[in-house]
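**Q** For what it's worth, the working numbering labels the leading residue of the sequence shown as 119, then goes sequentially. Where is the CB? At the ideal position from N, CA and C, for every residue including glycine. My structure is below; once you've seen it, I'll send some questions.
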Amino acid sequence: MELYFKFKLKELLERKGLQQKELAQMTGLREATISELVNDTRGAYNKNHLLTIMEALNLTELSDLLEVRKYNESRKSTGEFYEDSSY
């Protein structure tokens with residue numbers, strides 16, 4: 119079984135009506151960093167960045183920002199995934 123992280127910042131910003139630039143200003147993080155996180159293209163996550171974002175967005179649970187998902191074994195080569203986040 120192969121798992122991967124799904125960063126949910128894009129959905130959070132949409133729900134809160136915030137732009138990436140606004141979050142960058144709220145957190146002091148570079149706009150490029152926020153963009154990588156929003157587009158879920160960052161290979162590693164800095165725990166201080168995660169905590170800073172959580173504080174700025176008033177989140178208390180890491181699962182509000184980040185979840186673990188399972189690759190769909192039969193479709194792994196196409197990049198399609200299970201939507202199951204129960205891991």
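So, is Q138 buried or exposed, given that buried needs 16 or more other C-beta atoms within 10 angstroms?
**A** Along the sequence shown, one-based indexing puts residue 138 at 20. It counts as buried.
**Q** Take K128 as the anchor and find which of L155, G161, R160, R148 has the nearest alpha-carbon.
**A** Indexing the sequence shown from 1 puts residue 128 at position 10. That would be L155, whose Cα lies nearest to the Cα of K128.
**Q** Roughly how many angstroms lie between the CA atoms of A174 and R187, to the nearest whole one?
**A** Taking the sequence shown and counting its residues from 1, the one referred to as residue 174 is at position 56. Taking the sequence shown and counting its residues from 1, the one referred to as residue 187 is at position 69. Approximately 25 Å between the Cα atoms of the pair.
**Q** With 16 other CB atoms within 10 Å as the buried threshold, where does L121 fall?
**A** Reading the sequence shown from its first residue, position 3 is the one you call residue 121. It is exposed - the Cβ of L121 has fewer than 16 other Cβ atoms within 10 Å.
**Q** Grab me the residues of S153's own chain with a C-beta within less than 8 Å of its C-beta, minus the 5 sequence neighbours each way, in chain order.
**A** Position 35 of the sequence shown, counted from the first residue, corresponds to residue 153. For S153, where only same-chain residues beyond five positions count, the Cβ hits under 8 Å are Q138.
**Q** Between T178 and H167, is the Cβ-Cβ spacing less than 9 Å?
**A** Against the sequence shown, residue 178 aligns to sequence position 60. Against the sequence shown, residue 167 aligns to sequence position 49. No.
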